[in-house]
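First up is the structure itself, then whatever we jot down about it.
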Amino acid sequence: MNPVAKNVAKFGLPLVVLAAAVGLVVLLVSTKKEPERKEKREQRVLVQTEMVEASSHRLNVQAAGEVVAARNLVVTPQVSGRLVWVNDKLVPGGIIRKGETLFRVDPADYRIAVEEAKTQLAQAEAQLAQERGRVQVAQREWELFKNELDEDQRDRDPSLALRKPQLESAKVAVDAAKARLKRAQLNLSRTSVEAPFDAFVANESADIGQLVGAQSQVASLVGTEKFWVRMSVPVEKISYISVPGVNAQEGSKAIVRQDAGKETIEREGKVVRLLGDLDPQGRMARVLVEIADPFGLNDLDETDEPKQRGIPLLLSSFVDVEVQGPAVDDLIEIPREAIRDGDKAFVFAKDKTLAVRPVDVIWERPDTILVKSGVKDGERVIVSPIATAVDGMKLRAQDDKEERADAASQGAKKPAEEASDE
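Reminder that position 138 of the sequence shown reads as 138 in UniProt numbering, one-by-one numbering, no gaps.
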């Protein structure tokens with residue numbers, strides 16, 4: 001092979017191979033399908049929403065209160081003496097029924113006093129009978145001898161001659177003896193002391209053999225027919241409560257709840273009175289709620305015994321009270337999380353933007369707000385926080401079906417495109 005042919009073979013063949021490779025690359029590039037251009041998605045803030053509805057709501061007033069006694073009594077005997085009998089129920093916490101005897105004072109001296117008074121009455125009545133006989137004798141004598149008297153003597157008052165003063169004195173003596181007998185009998189009856197109403201014993205200091213007097217505090221009773229709950233209410237909410245004699249004939253119903261550890265004591269009551277002063281600490285109005293039969297003593301079973309109602313409502317305890325208020329129609333209940341600055345609602349508008357609207361707050365509950373205007377029935381409010389909220393900013397709802405469908409379709413396209421690239 002000549003030198004020219006050798007040079008051609010040495011340098012030409014690689015050039016041919018290189019040209020063929022370049023041509024193949026150009027061919028592949030020219031025939032490759034151009035990938036679809038992805039549209040850039042708008043940046044929207046992800047939020048959680050909740051739909052609200054217009055409905056009728058009862059504006060119940062929530063308040064705190066203290067259970068106090070409606071009736072209490074310090075028992076002191078009206079006669080002095082030594083205790084000879086004490087009721088076994090007269091112990092702290094004991095339940096006493098109306099009319100039950102609490103204790104008895106030794107009646108011996110008082111029985112003797114009654115017998116003495118009876119004797120004195122009998123003597124006074126005997127004196128009266130004798131005096132009436134003397135009066136009859138005096139009247140007969142007056143009729144016999146008055147004609148023998150001169151005119152001046154006949155014109156004088158014959159009361160002394162007829163023994164009228166003596167007769168009146170005898171009558172007064174009888175009345176006084178009767179009064180002494182009544183007093184003695186009354187003192188005898190007072191040796192037995194009874195409960196004037198259904199009650200439980202708050203405290204006592206009575207023992208058999210103990211000497212008591214009119215100043216002795218033997219026991220302290222608290223009536224069980226009813227308790228009161230003295231609750232504090234903001235003045236602006238008084239108009240929502242029915243108070244007898246103030247703005248209604250009957251008081252509002254109320255539910256009283258006391259936390260008792262594993263269980264909650266619950267009793268029904270009603271508003272009975274508005275106190276005439278404000279709570280000196282919170283400057284709030286004070287309302288009395290009455291709870292009838294807090295111990296359930298009148299709720300009897302088939303054996304006429306009180307049913308077991310569990311732990312009773314305890315005096316001096318702090319309780320939560322829910323007073324039934326009026327029902328108001330067409331109110332929107334909004335979660336507290338959707339309210340900003342106290343009177344603005346974050347609304348998820350139809351165009352998927354943020355609408356900041358002022359609302360007319362009618363009532364506040366622990367977890368929700370009731371509004372009359374600002375949000376419409378069927379709209380969605382935003383309950384999740386937004387770092388920098390701007391009216392009109394673009395949003396996307398976490399619970400939006402369209403958003404989820406769009407996200408799902410975008411997720412399905414991505415692996416398909418990757419497969420086509422391969």
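All C-beta atoms, glycine included, are put in the ideal place defined by N, C-alpha and C.
Alpha helix (DSSP H) segment containing N187, residue limits: 164-189
Presumed contact (8 Å Cβ cut-off) between G65 and V272, rounded CB distance: The pair is not a contact, with the Cβ atoms about 13 Å apart (cut-off 8 Å).
Chain-order list of residues whose beta-carbon lies under 8 Å from that of E125 (same chain, five-residue window excluded): V174, A177
The segment 195-203 in contact with the segment 90-99 per 3-pair CB rule at 8 Å: yes
Backbone secondary structure at I112 - three-state DSSP: helix
Expected contact under 8 Å - CB spacing of R365 and R286 to nearest Å: No, R365 and R286 are not in contact; Cβ-Cβ is about 23 Å, not under 8 Å.
Three-state class that DSSP yields for V229 in the structure shown: strand
Close beta carbons around A419, own chain, < 8 Å, minus the five adjacent residues each side: Confidence at A419 is low in this model, with a pLDDT of 42, below 50, so the placement of that residue should be treated as unreliable; the coordinate-derived value is given next. Nothing meets the Cβ criterion.
Assigned secondary structure, R380 (DSSP; H/G/I helix, E/B strand, else coil): strand
Residue burial classification, F348 (beta-carbon count within 10 angstroms, cutoff 16): buried
Residue of I95, D88, T76, L73 minimising C-alpha distance to N298: I95
CA nearest to the CA of Y240, picked from A355, A327, S189: A327
Contained beta strand (DSSP E) runs [length at least 3] in the segment 289-353, N- to C-terminal order: 318-323, 327-335, 344-348
8 Å CB neighbourhood of residue 424 in its chain, flanking five on each side removed: In the structure as shown, the chain begins at 1 and stops at 422. Residue 424 is therefore absent and cannot be evaluated.
Rounded C-alpha distance that separates D207 from K89: 12 Å
Beta-carbon spacing of V361, F346 below 8 Å: no
Close-in-space but distant-in-sequence residues of the same chain around Q210 (CB under 6 Å, 5 per side omitted): L83
Classification of E141 by the beta-carbon crowding that lies within 10 angstroms, buried from 16 upward: exposed
Range covered by the beta strand (DSSP E) that runs through Q62: 61-69
Inter-residue CB distance, V323 and L274 (contact presumed, cutoff 8 Å): That pair is no contact at about 12 Å.
Cβ separation of T353 and G392, assumed to be a contact under 8 Å, to the nearest whole Å: 5 Å
Beta-carbon separation (whole angstroms), R336 vs D367, contact threshold 8 Å: 6 Å
At least 3 beta-carbon pairs within less than 8 Å: the segment 248-267 vs the segment 277-286: no
Three-state secondary structure assigned by DSSP to R286: strand
Cα-Cα separation, P203 to L73: Rather than Pro, the amino acid found at residue 203 in this sequence is Asn. Looking at the two C-alpha atoms, the distance is approximately 11 Å.
Exposure label - N60; buried when at least 16 CB within 10 Å: buried
Distance CB(T191)-CB(V137) smaller than 8 Å: no
Proximity test, D320 beta-carbon vs the ligand ATP heavy atom, cut-off 7 Å: Summarising the ligand content, the structure contains no ligands, and the ligand ATP is consequently not present.
Within 8 Å, strictly: CB atoms of L181 and K118: yes
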